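Asks: Input: one structure, supplied below.
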Amino acid sequence: MDDIVKITLSERDIPQRWYNILPDLPKPLPPPIHPGTGQPLGPQDLAPIFPMALIQQEMSPEPWIEIPDDIRRVLKLWRPSPLYRARELEKALKTPARIYYKNESFSPPGSHKPNTAVAQAYYNKKEGVARLATETGAGQWGSALSFGCQFFGLQCTVYMVRVSYEQKPYRKLLMQAWGAEVFPSPTDRTQSGKKIRAQDPNSPGSLGIAISEAVEDAATHEDTKYALGSVLNHVCLHQTVIGLELAEQLKIAGEKKPDYIFGCVGGGSNFSGAVFPFVKRKLKGEEIRLVACEPTACPTLTKGPYCYDFGDTAQMTPLLKMYTLGHTFVPAPIHAGGLRYHGDSPILSLLVAEKVIEARAFRQKPCFEAALTFARAEGFLPAPETSHAIRAAIDEALRAKESGKAPCIVIAYSGHGFFDLGAYEKYMTGQLEDLDFSQGELDRALKSIPKVPGGA
Ligand SMILES: Cc1ncc(COP(=O)(O)O)c(C=O)c1O
Numbered sequence: 172m173d174d175i176v177k178i179t180l181s182e183r184d185i186p187q188r189w190y191n192i193l194p195d196l197p198k199p200l201p202p203p204i205h206p207g208t209g210q211p212l213g214p215q216d217l218a219p220i221f222p223m224a225l226i227q228q229e230m231s232p233e234p235w236i237e238i239p240d241d242i243r244r245v246l247k248l249w250r251p252s253p254l255y256r257a258r259e260l261e262k263a264l265k266t267p268a269r270i271y272y273k274n275e276s277f278s279p280p281g282s283h284k285p286n287t288a289v290a291q292a293y294y295n296k297k298e299g300v301a302r303l304a305t306e307t308g309a310g311q312w313g314s315a316l317s318f319g320c321q322f323f324g325l326q327c328t329v330y331m332v333r334v335s336y337e338q339k340p341y342r343k344l345l346m347q348a349w350g351a352e353v354f355p356s357p358t359d360r361t362q363s364g365k366k367i368r369a370q371d372p373n374s375p376g377s378l379g380i381a382i383s384e385a386v387e388d389a390a391t392h393e394d395t396k397y398a399l400g401s402v403l404n405h406v407c408l409h410q411t412v413i414g415l416e417l418a419e420q421l422k423i424a425g426e427k428k429p430d431y432i433f434g435c436v437g438g439g440s441n442f443s444g445a446v447f448p449f450v451k452r453k454l455k456g457e458e459i460r461l462v463a464c465e466p467t468a469c470p471t472l473t474k475g476p477y478c479y480d481f482g483d484t485a486q487m488t489p490l491l492k493m494y495t496l497g498h499t500f501v502p503a504p505i506h507a508g509g510l511r512y513h514g515d516s517p518i519l520s521l522l523v524a525e526k527v528i529e530a531r532a533f534r535q536k537p538c539f540e541a542a543l544t545f546a547r548a549e550g551f552l553p554a555p556e557t558s559h560a561i562r563a564a565i566d567e568a569l570r571a572k573e574s575g576k577a578p579c580i581v582i583a584y585s586g587h588g589f590f591d592l593g594a595y596e597k598y599m600t601g602q603l604e605d606l607d608f609s610q611g612e613l614d615r616a617l618k619s620i621p622k623v624p625g626g627a
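With the sequence shown counted from 1, adding 171 to any position gets you our numbering.
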């Protein structure tokens with residue numbers, strides 16, 4: 172094991188079951204609330220937009236949920252994903268730390284997102300749905316769902332946040348290659364999109380707005396359901412294949428436990444998937460620091476309150492108890508489009524509130540700097556989202572030089588940056604700005620958070 176670089180598992184080692192953290196949480200998860208009645212949601216309330224199998228997973232008390240063979244068959248295309256020991260990065264940093272990265276960039280669309288896209292397409296197809304509508308920020312989720320739908324013969328409609336649509340034309344083409352239709356959001360196709368465009372014809376869009384459009388599309392078409400790429404319990408559940416494989420791979424590498432796991436957080440799905448199996452161990456007393464990394468331009472976990480809020484701008488979704496910047500918050504157009512979301516996974520939020528998980532925020536320029544340090548040492552070019560986790564890991568590895576400790580550091584490497592070369596060009600030619608959140612915008616958006624009895 173002395174010089175091992177890549178720790179691979181065989182196809183037989185793809186997890187047979189997803190790990191459902193709900194029964195193991197230190198406190199019960201506050202339920203989603205119906206905005207009209209103020210009462211907890213029942214399965215029937217979600218039936219117009221989700222298939223029943225996913226609604227059941229969303230609320231399941233079972234700690235393990237079987238992965239159907241038809242899903243595992245597709246996951247085999249790129250799973251198990253390799254765990255790398257970042258030996259070249261360690262050398263470049265001259266750190267005593269042992270750095271690993273769990274590389275989710277090998278999936279055909281290039282990120283962790285197909286882990287759930289394939290599962291969601293499968294369950295929708297099984298329940299007779301003809302079309303899925305969704306939003307996408309960076310374009311990774313839209314590509315992943317287009318890919319998943321293609322496999323199971325579903326149509327796919329993607330509302331792509333306008334700023335990303337303009338920054339990343341090739342993501343759009345990739346979605347179209349997999350047969351999807353793609354629109355820059357806000358659009359004139361939905362009432363919620365029209366309303367935003369009437370207020371601000373140049374709106375750069377946001378994930379919150381695009382979600383409103385996709386939910387409205389699903390709710391107004393009988394044959395269509397909605398698919399979300401992050402935030403919800405069933406999405407984080409599907410992503411636990413990452414952490415389950417990671418635990419096996421660390422054992423093979425001879426590591427008793429990771430000291431740190433860093434992952435970037437937009438809505439929280441890749442980070443949750445990587446860390447949930449370790450949360451259980453941490454709650455039993457193992458010292459493992461689980462660090463959620465977010466942009467300073469959209470500092471949900473580090474600056475937002477923990478309270479009930481809508482998941483979308485037009486208030487079409489149920490109320491979820493989560494860290495939130497307010498559902499009308501429109502973050503500055505940073506290049507990590509997938510991290511521009513006002514809220515976060517309710518499970519992840521609860522674990523942050525309970526101090527099981529910690530959060531740190533980073534500016535985009537130091538993240539691009541870290542991404543290039545990584546690419547020049549390891550060869551892989553990370554997505555701008557992923558670069559937040561890399562920044563945090565490099566900072567920790569540099570601190571280890573001072574402390575004299577040799578921690579085991581794991582990066583949840585969520586995706587590649589091949590469609591983000593425009594952003595890299597801006598960084599390398601000195602044109603990239605360090606965008607922060609605006610206090611005025613945050614104060615305004617915080618006021619949009621509804622008052623829910625007992626919700627704060
Ligand atoms: C490569 C990559 N990483 C991370 C994210 C953030 O999503 P999540 O927090 O759900 O993992 C995205 C979202 O689009 C992404 O494309």
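Glycine included, each C-beta is placed from N, C-alpha and C at the ideal position.
If you're wondering where the values come from, they're calculated on a predicted model, not measured in any experiment.
Return yes when at least one heavy atom of ligand 1 lies under 8 Å from the C-beta of residue 416, else no.
Replies: Within the sequence shown, residue 416 is the residue found at index 245, counting from 1. It does not: the Cβ of residue 416 is nowhere closer than 8 Å to a heavy atom of ligand 1.
Asks: So, with DSSP's three-state summary, where would you put residue 511?
Replies: Sequence index remark: in the sequence shown, residue 511 carries index 340 (1-based). Here residue 511 sits in coil by DSSP.
Asks: If you follow the beta strand (DSSP E) that residue 466 is part of, which residue opens it and which one closes it?
Replies: Start at 1 with the first residue of the sequence shown, and residue 466 comes out as number 295. Segment 460–466, the beta strand (DSSP E) holding residue 466.
Asks: For residue 468 and chain C, any beta-carbon pair shorter than 9 Å?
Replies: Annotation note: the requested chain C is absent from the structure, which comprises a single protein chain.
Asks: Taking just the CA atoms, how far does residue 410 sit from residue 611?
Replies: By 1-based counting over the sequence shown, the position of residue 611 is 440. By 1-based counting over the sequence shown, the position of residue 410 is 239. Cα-Cα distance, rounded: 35 Å.
Asks: Use the C-beta contact count for residue 212: other C-beta atoms within 10 angstroms, 16 or more gives buried, fewer gives exposed.
Replies: Numbered from 1 along the sequence shown, position 41 holds the residue referred to as residue 212. By the 10 Å Cβ count, residue 212 comes out buried.
Asks: Give the single residue among 259, 251, 234 whose Cα lies nearest to the Cα of residue 550.
Replies: Residue numbering aside, residue 550 sits at position 379 when the sequence shown is read from its first letter. Here the closest residue by C-alpha is 259.
Asks: Taking all protein chains shown into account, do 16 or more other C-beta atoms lie within 10 angstroms of the C-beta of residue 600, making it buried, or fewer, making it exposed?
Replies: Working through the sequence shown from its first residue, we reach residue 600 at position 429. Its Cβ having fewer than 16 others within 10 Å, residue 600 is exposed.
Asks: Kindly list the residues whose CB is nearer than 6 Å to the CB of residue 519, restricted to its own chain and excluding five residues on each side of it in sequence; keep chain order.
Replies: Taking the sequence shown and counting its residues from 1, one reaches residue 519 at position 348. Here the set comprises 439, 443.
Asks: Which one of 543, 565, 570, 189 has the shortest CA to CA distance from residue 589?
Replies: Residue numbering aside, residue 589 sits at position 418 when the sequence shown is read from its first letter. Checked all of 543, 565, 570, 189; the closest Cα to residue 589 is 543.
Asks: Under 8 Å: does the beta carbon of residue 409 sit that close to some heavy atom of ligand 1?
Replies: Numbered from its first residue, the sequence shown carries residue 409 at position 238. Answer for residue 409: no, Cβ out of range of ligand 1.
Asks: Compute the minimum distance between the beta carbon of residue 392 and the heavy atoms of ligand 1, and state whether it is under 8 Å.
Replies: For this step, residue 392 is matched to residue 221 along the sequence shown. No, ligand 1 has no heavy atom inside 8 Å of this Cβ.
Asks: Buried or exposed for residue 570, please, with buried defined as at least 16 other CB atoms from any protein chain shown within 10 angstroms of its CB.
Replies: For the purposes of this step, residue 570 is taken as residue 399 along the sequence shown, with counting starting at 1. That one is exposed.
Asks: Opposite residue 628 in the DSSP bridges: which residues?
Replies: The first residue shown for the chain is 172 and the last is 627, placing residue 628 beyond what the model contains.
Asks: Since I believe residue 532 is in contact with residue 484 (beta carbons under 8 Å), could you give me their beta-carbon distance rounded to a whole number of angstroms?
Replies: Residue numbering aside, residue 484 sits at position 313 when the sequence shown is read from its first letter. Residue numbering aside, residue 532 sits at position 361 when the sequence shown is read from its first letter. So it is not a contact: roughly 22 Å between Cβ atoms.
Asks: Can you list, in chain order, the residues of its chain whose CB lies under 8 Å from that of residue 360, leaving out five sequence neighbours each side?
Replies: Here the question's residue 360 lines up with position 189 in the sequence shown. Excluding residues within five positions, the ones whose Cβ falls inside 8 Å are 354, 384, 388.
Asks: Express the C-alpha separation of residue 296 and residue 322 in angstroms, rounding to a whole number.
Replies: On the sequence shown, position 151 is the one that residue 322 refers to. On the sequence shown, position 125 is the one that residue 296 refers to. Approximately 10 Å, taken between the alpha carbons.
Asks: Is it a yes or a no for the region 459–474 touching the region 222–229, going by three-plus beta-carbon pairs under 8 Å?
Replies: These segments do not touch.
Asks: Measure the C-alpha to C-alpha separation of residue 472 and residue 316 and round it to an integer number of angstroms.
Replies: Here the question's residue 472 lines up with position 301 in the sequence shown. Here the question's residue 316 lines up with position 145 in the sequence shown. Straight-line Cα distance between these residues: approximately 27 Å.
Asks: Given this structure, state the Cα-to-Cα distance separating residue 432 from residue 538, to the nearest angstrom.
Replies: Taking the sequence shown and counting its residues from 1, one reaches residue 432 at position 261. Taking the sequence shown and counting its residues from 1, one reaches residue 538 at position 367. Approximately 17 Å between the Cα atoms of the pair.
Asks: Would the C-beta of residue 150 count as close to ligand 1, meaning under 8 Å from any of its heavy atoms?
Replies: Residue 150 lies beyond the stretch modelled for the chain, which goes from 172 to 627, so this question has no answer here.
Asks: Closest by CA to residue 350, which one among 327, 363, 370?
Replies: Position 179 of the sequence shown, counted from the first residue, corresponds to residue 350. It is 327 whose Cα lies nearest to the Cα of residue 350.
Asks: Taking the alpha-carbon of residue 294 as reference, which of 252, 352, 222, 304 has the nearest alpha-carbon?
Replies: Translated into positions along the sequence shown, residue 294 becomes position 123. Of the candidates 252, 352, 222, 304, the one whose C-alpha sits nearest the C-alpha of residue 294 is 222.
Asks: Can you give me the Cβ contacts of residue 179 inside the same chain, cut-off strictly under 6 Å, excluding the 5 residues immediately before and after it?
Replies: By one-based count along the sequence shown, residue 179 stands at place 8. 253.
Asks: In terms of alpha-carbon separation, which member of 427, 364, 548 lies closest to residue 386?
Replies: In the sequence shown, counting from the first residue as 1, residue 386 sits at position 215. Here the closest residue by C-alpha is 364.
Asks: Between which two residues does the alpha helix (DSSP H) holding residue 388 run?
Replies: Here residue 388 corresponds to residue number 217 of the sequence shown, with the count starting at 1. From DSSP, the alpha helix (DSSP H) with residue 388 extends over 378–390.
Asks: Throw me the rounded Cβ distance for the residue 413 and residue 463 pair, which I believe falls under 8 Å.
Replies: What you label residue 413 is simply residue 242 of the sequence shown in a count that begins at 1. What you label residue 463 is simply residue 292 of the sequence shown in a count that begins at 1. Actually they are not in contact, since the Cβ atoms of residue 413 and residue 463 sit about 15 Å apart, beyond 8 Å.
Asks: Where does residue 450 land, buried or exposed, given buried means 16+ other C-beta within 10 angstroms?
Replies: Here residue 450 refers to the residue found at position 279 of the sequence shown. Buried, because 16 or more other Cβ atoms sit within 10 Å of the Cβ of residue 450.
Asks: Do residue 527 and residue 272 count as a contact pair if the criterion is CB distance below 9 Å?
Replies: Counted from its first residue, the sequence shown places residue 272 at position 101. Counted from its first residue, the sequence shown places residue 527 at position 356. Taking 9 Å as the Cβ cut-off, residue 272 and residue 527 do not qualify as a contacting pair.
Asks: Compute the Euclidean distance between the alpha carbons of residue 494 and residue 559, then round it to the nearest angstrom.
Replies: If you number the sequence shown from 1, residue 494 lands on position 323. If you number the sequence shown from 1, residue 559 lands on position 388. Looking at the two C-alpha atoms, the distance is approximately 19 Å.
Asks: Excluding sequence positions up to five away, which residues of its chain have a Cβ less than 8 Å from the Cβ of residue 525?
Replies: What you label residue 525 is simply residue 354 of the sequence shown in a count that begins at 1. Hits under 8 Å: 197, 198.
Asks: Just to confirm, does residue 283 get its C-beta within under 8 Å of one of the non-hydrogen atoms of ligand 1?
Replies: For the purposes of this step, residue 283 is taken as residue 112 along the sequence shown, with counting starting at 1. It does: the Cβ of residue 283 is within 8 Å (strictly closer) of some heavy atom of ligand 1.
Asks: Buried or exposed for residue 404, please, with buried defined as at least 16 other CB atoms from any protein chain shown within 10 angstroms of its CB.
Replies: By one-based count along the sequence shown, residue 404 stands at place 233. Buried, since its Cβ has 16 or more Cβ neighbours within 10 Å.
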